[in-house]
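Visitor:
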Amino acid sequence: MTIKTSDFAKQLSWLKANGYTVIPLDDAVGYLKGDKVNIPEKPVVITVDDGHRSVYSEVLPLVQHYKIPVTLFIYPSAISNATYALTWKHLHALEETGLFHVESHTYWHPNFKKEKKRLSAEAYDKFVTMQLGESKRILEEKMGHEVKYLAWAFGIYDEMLQRKAKEAGYEAAFTIERKHAKRGQPMMTLPRYMILHPASPDALKRLLR
Numbered sequence: 002m003t004i005k006t007s008d009f010a011k012q013l014s015w016l017k018a019n020g021y022t023v024i025p026l027d028d029a030v031g032y033l034k035g036d037k038v039n040i041p042e043k044p045v046v047i048t049v050d051d052g053h054r055s056v057y058s059e060v061l062p063l064v065q066h067y068k069i070p071v072t073l074f075i076y077p078s079a080i081s082n083a084t085y086a087l088t089w090k091h092l093h094a095l096e097e098t099g100l101f102h103v104e105s106h107t108y109w110h111p112n113f114k115k116e117k118k119r120l121s122a123e124a125y126d127k128f129v130t131m132q133l134g135e136s137k138r139i140l141e142e143k144m145g146h147e148v149k150y151l152a153w154a155f156g157i158y159d160e161m162l163q164r165k166a167k168e169a170g171y172e173a174a175f176t177i178e179r180k181h182a183k184r185g186q187p188m189m190t191l192p193r194y195m196i197l198h199p200a201s202p203d204a205l206k207r208l209l210r
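Okay, so the sequence shown: first residue is 2 according to our numbering, each after it adds one.
1. V60 and V49: beta carbons closer than 8 Å?
2. Of all the options A166, G156, S7, P187, which has the alpha carbon lying nearest to the alpha carbon of P62?
3. With distances taken between CB atoms, is the gap from A152 to I4 smaller than 8 Å?
4. Since D51 is in the alpha helix (DSSP H), which residue starts that stretch and which ends it?
5. Just to confirm the assignment, what range does the alpha helix (DSSP H) spanning F155 have?
6. Label V129 either buried or exposed according to how many other C-beta atoms from any shown protein chain fall within 10 Å of its C-beta, with 16 as the threshold for buried.
7. Which residue from S14, E168, M144 puts its Cα closest to that of T88?
8. Who are the Cβ neighbours of R54 in its own chain at under 7 Å, not counting the five residues just before and after it?
9. Pick from M189, D126, I139, Q65: whose alpha carbon is nearest that of G156?
10. How far does the alpha helix (DSSP H) with E123 in it extend, from its first residue to its last?
11. What's the gap between the Cα of V23 and the Cα of W15?
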C-alpha cells in the first residue's frame, strides 16, 4: 500500500538473493486451480493496487532492473482523470514492457459495506453489478485484453459479492487477508499481504516464512 522506493528496492534484492522467484499472477492462479503443475519452489506474486503515478515513476525502473512481473489492480474511473492517477498512455506503456499486466479493482473503489447500508436492496444490487461489470468492460476496451481478476476494494467481500463477481466473469478475486494462498481456498477470496511502511527485508522475511 505504501512503501519507500529504497525499501522496495531492498526487498527485491533480498528476494533475488534468497532464491525467491516472482511469478506472474496467471501462473499462481493456474497452480491454485490445479491447472498448472509446476511453479518455482519459492514463488512470490507482486500486485500493486489503485494506479497511482508512482507506479510509473518509482516502480517501473525497479521492475525493469529485476525483470519481474507485476499485476496492477486498477479502478478505471481515476485513470486520466485524477491528478494522482496514471493515464491510459502510462498503462499502455507499462504493459508494453511485458512486465506489467492490468486487472480490475472495481470501477471507482467503493466501500461496499457503506453502500449496502445507504442503498435499497435493489439499488445496491445494481450498484454492485455496475462496479464490477463496468470496470471489467472499460479495462478490456482500453487495454485490449481480457480482464480475469479482481481485487476487492478495501478488502471487503461477502457471499453476494463473490456471486456477483462470478456472474461478471471474473475467474478469481483477491482480499487483503494476511496469509499465504494455497490450493483448496475459494477462488473469489484469495489472500494477499498488504505491505506498509516501514517495510524492511527483515519484515518481508518474517512474512514469507
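Even glycine gets a Cβ: it sits at the ideal position worked out from N, Cα and C. Just so you know, these numbers come straight off a predicted model, no measurement behind them.
Guide: Put simply:
1. yes
2. S7
3. no
4. Run containing D51: none in the alpha helix (DSSP H); it sits in the beta strand (DSSP E), 48 to 51.
5. No alpha helix (DSSP H) holds F155; DSSP gives it neither H nor E.
6. buried
7. M144
8. Y85, A86, L87
9. Taking only the C-alpha atoms, the option nearest G156 is M189.
10. 122 to 144
11. 12 Å
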